[in-house]
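Everything on this sheet refers to the single structure shown next.
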Amino acid sequence: MPNAAIVSVGGTPEPVIKALAEYVPEFIVFFASQDSLDRISIVKQTLHEKDIGYQSEVTLVDDVNDLLHCHRKALEAIGRALSRGYARDGIVVDYTGGTKNMSVALALAAITHGVSFSYVGGTERTKNGLGVVKDGCEQVYHHVNPWDVLAVEEKRKLSLLCGQHQYRAAKELIDLMLEKNLSNKAAFKKLGFILDGYHKWDAFMHKNALDCFSRAKLDELAECTDIGICRFAAATAKLIPFLEELLSGGKTPSLTYMLDIFANAERRLHEGKTDDAIVRLYRIIEMIAQERLKKGYDIDVSNVKHNQLPEPLRTEYLARYQNDGIVKIPQVAAYRLLDALGDPVGRLFEERREPMLKISDARNHSWLAHGLNAAKEETCVKLRDFIIDLNVFDPAEAPRFPALTFDDHG
Numbered sequence: 009m010p011n012a013a014i015v016s017v018g019g020t021p022e023p024v025i026k027a028l029a030e031y032v033p034e035f036i037v038f039f040a041s042q043d044s045l046d047r048i049s050i051v052k053q054t055l056h057e058k059d060i061g062y063q064s065e066v067t068l069v070d071d072v073n074d075l076l077h078c079h080r081k082a083l084e085a086i087g088r089a090l091s092r093g094y095a096r097d098g099i100v101v102d103y104t105g106g107t108k109n110m111s112v113a114l115a116l117a118a119i120t121h122g123v124s125f126s127y128v129g130g131t132e133r134t135k136n137g138l139g140v141v142k143d144g145c146e147q148v149y150h151h152v153n154p155w156d157v158l159a160v161e162e163k164r165k166l167s168l169l170c171g172q173h174q175y176r177a178a179k180e181l182i183d184l185m186l187e188k189n190l191s192n193k194a195a196f197k198k199l200g201f202i203l204d205g206y207h208k209w210d211a212f213m214h215k216n217a218l219d220c221f222s223r224a225k226l227d228e229l230a231e232c233t234d235i236g237i238c239r240f241a242a243a244t245a246k247l248i249p250f251l252e253e254l255l256s257g258g259k260t261p262s263l264t265y266m267l268d269i270f271a272n273a274e275r276r277l278h279e280g281k282t283d284d285a286i287v288r289l290y291r292i293i294e295m296i297a298q299e300r301l302k303k304g305y306d307i308d309v310s311n312v313k314h315n316q317l318p319e320p321l322r323t324e325y326l327a328r329y330q331n332d333g334i335v336k337i338p339q340v341a342a343y344r345l346l347d348a349l350g351d352p353v354g355r356l357f358e359e360r361r362e363p364m365l366k367i368s369d370a371r372n373h374s375w376l377a378h379g380l381n382a383a384k385e386e387t388c389v390k391l392r393d394f395i396i397d398l399n400v401f402d403p404a405e406a407p408r409f410p411a412l413t414f415d416d417h418g
């Protein structure tokens with residue numbers, strides 16, 4: 009039962025009495041006009057006779073013919089309940105009484121705040137069924153939740169934001185929706201954790217992402233009545249093993265890390281953030297050499313031992329890259345070392361070094377590297393294709409964040 013009620017008062021007090029006797033709220037806001045103000049005393053007297061205790065306030069409409077004025081006053085009426093600390097899911101608005109403008113205004117205000125609707129109707133009316141409900145024949149139709157229907161637009165926005173990988177904005181929209189009177193609030197709260205998880209994952213905060221997914225209780229969402237959320241949760245659950253594998257490998261370069269960065273670069277490219285995508289793809293090229301040298305030859309590019317350098321590279325690398333006795337080699341030098349060691353990826357890189365250097369030069373002139381030029385999408389695509397052609401990993405194995413779709417949002 010609601011704890012607070014906002015009721016519009018018209019010329020007939022019986023519908024108001026019927027609704028309040030049904031709900032027995034502890035706080036009432038009477039939404040009345042100058043013409044219906046005197047009906048409030050009748051309502052109060054009847055409630056007193058029924059031994060119904062409550063606190064009440066009155067919001068008075070000065071001009072019932074001005075819809076905008078009525079709407080401002082309706083918002084004020086609901087605001088009185090909110091200011092007393094009543095939650096939106098504990099507030100009901102009954103718009104039965106009052107003028108048409110008052111009823112419309114109160115209904116619109118209820119939609120704005122996401123509180124429940126109530127209406128007093130009946131099966132018997134005056135004027136051969138066309139007039140008002142006969143006294144004693146009133147029936148309360150309550151807890152009609154507008155947000156079960158009107159959240160359609162919010163769902164459409166959620167789908168759009170997720171499709172654009174704007175997970176933080178989607179989470180913020182969920183938070184706003186949770187302030188409304190959603191009947192499946194628990195499911196949307198868990199959806200918020202999932203969205204926050206993808207936001208964290210997108211920022212390479214993998215442990216935080218896994219924690220968010222854990223809080224979402226994905227297995228419980230599999231039983232959710234909202235098919236869109238259910239599908240989204242199921243698709244997310246399938247990505248958990250990848251995320252766990254990523255975390256189990258520590259900070260060491262690995263194929264799993266490469267796949268994750270590759271997927272991240274694809275999302276940035278989809279957003280139109282070409283410079284961001286190129287930075288990530290360039291990191292993959294570095295990581296490929298680091299991973300192959302470490303895994304295949306136990307060589308750390310940040311501290312290469314002298315005896316790990318084959319001739320004729322040893323003399324050159326010691327002269328160029330040794331500093332304070334430590335040999336630290338950059339990207340191209342790492343691939344040359346791989347080639348000298350007979351590694352097929354090193355050989356493939358060396359065969360395509362010239363095209364790669366042209367791509368690298370274009371990257372170096374971008375905003376996020378050393379220049380003042382916006383990177384072209386063509387440069388990004390060439391860099392992506394270069395990585396794919398190295399044939400170190402299968403792009404199809406990269407984690408794909410699922411789409412969030414709702415069957416009722418079209």
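Each position in the sequence shown, counted from 1, maps to that position plus 8 in my numbering. Beta carbons: idealized from backbone N, C-alpha and C, even for Gly. On a predicted model such as this, the values are computed, not experimentally measured, just so you know.
Cα-Cα separation between residue i and residue j, rounded to whole angstroms
i	j	result
Pro-352	Glu-358	10 Å
Gly-139	Ile-50	Confidence at Gly-139 is low in this model, with a pLDDT of 45, below 50, so the placement of that residue should be treated as unreliable; the coordinate-derived value is given next. Their backbone Cα atoms lie some 22 Å apart in a straight line.
His-237	Thr-107	Note that residue 237 is Ile in the sequence shown, not His. Taking the straight line from one Cα to the other gives about 41 Å.
Lys-208	His-214	7 Å
Ile-396	Glu-279	21 Å
Ala-377	Leu-391	For Ala-377, the pLDDT reaches just 49, beneath the cut-off of 50, and the residue's location in the model is therefore unreliable, leaving the point undetermined.
Phe-414	Leu-168	11 Å
Phe-409	Leu-181	19 Å
Ala-13	Phe-196	26 Å
Ala-411	Glu-385	24 Å
Glu-231	Ala-242	10 Å
Met-185	Gly-98	16 Å
Leu-356	Leu-301	15 Å
Asp-306	Asp-204	38 Å
Lys-165	Ala-177	10 Å
Gly-200	Phe-250	21 Å
Phe-401	Asp-308	21 Å
Val-100	Glu-84	15 Å
Asn-216	Ala-224	13 Å
Leu-346	Gln-298	10 Å
Element boundaries [beta strand (DSSP E), containing residue i]
i	result
Glu-65	63-69
Per DSSP, cross-strand counterpart(s) of residue i
i	result
Asp-102	Val-15, Ser-126
Ser-41	Val-69
Phe-35	Ala-12, Gln-63
Val-335	Val-312, Gln-330
Span of the alpha helix (DSSP H) around residue i
i	result
Glu-5	A question about residue 5 goes unanswered here, because the residues of the chain that appear run from 9 up to 418.
His-278	263-279
Met-110	108-121
Tyr-94	Taken as a continuous stretch (DSSP letters only), Tyr-94 belongs to no alpha helix (DSSP H), as it is neither H nor E.
Met-213	No alpha helix (DSSP H) holds Met-213; DSSP gives it neither H nor E.
Phe-394	385-397
Ser-191	Counting along the chain, Ser-191 falls outside any alpha helix (DSSP H), and DSSP gives it neither H nor E.
Ile-307	No alpha helix (DSSP H) holds Ile-307; DSSP gives it neither H nor E.
Glu-162	160-171
Gly-354	352-359
Val-51	47-57
Ala-245	235-245
Pro-407	First-last for Pro-407: undefined, no H or E at that position.
Phe-401	Careful: Phe-401 lies outside any alpha helix (DSSP H) and carries neither H nor E.
Identity of the residue in the options nearest residue i by Cα
i	options	result
Ile-119	Val-128, Lys-108, Tyr-103	Tyr-103
Ile-292	Gln-339, Glu-324, Pro-249	Gln-339
Ile-60	Asn-73, Val-66, Asp-71, Ile-25	Ile-25
Phe-212	Glu-362, Leu-254, Arg-96, Ala-327	Leu-254
Lys-58	Ala-29, Ser-44, Asp-70, Val-37	Ala-29
Asn-311	Tyr-325, Pro-320, Glu-319	Tyr-325
Gly-304	Ser-262, Asp-227, Leu-114, Lys-246	Ser-262
Glu-274	Leu-289, Asp-308, Lys-193, Ile-86	Leu-289
Lys-52	Gly-258, Asp-43, Phe-35	Phe-35
Glu-40	Pro-10, Met-110, Arg-96	Note that residue 40 is Ala in the sequence shown, not Glu. It is Met-110.
Tyr-31	Pro-10, Ile-296, Thr-233	Pro-10
Tyr-265	Cys-220, Leu-349, Pro-403, Ile-235	Pro-403
Pro-363	Asp-347, Leu-346, Val-335, Phe-394	Phe-394
Gly-129	Asp-46, Ala-27, Val-389	Ala-27
Asp-219	Ile-248, Phe-240, Asp-74	Ile-248
Gly-444	Glu-65, Lys-179, Ala-194	This structure leaves residue 444 out entirely; the chain is present only between 9 and 418.
Gly-105	Phe-125, Arg-361, Val-15, Thr-260	Val-15
Ala-341	Gln-174, Pro-320, Ser-222	Pro-320
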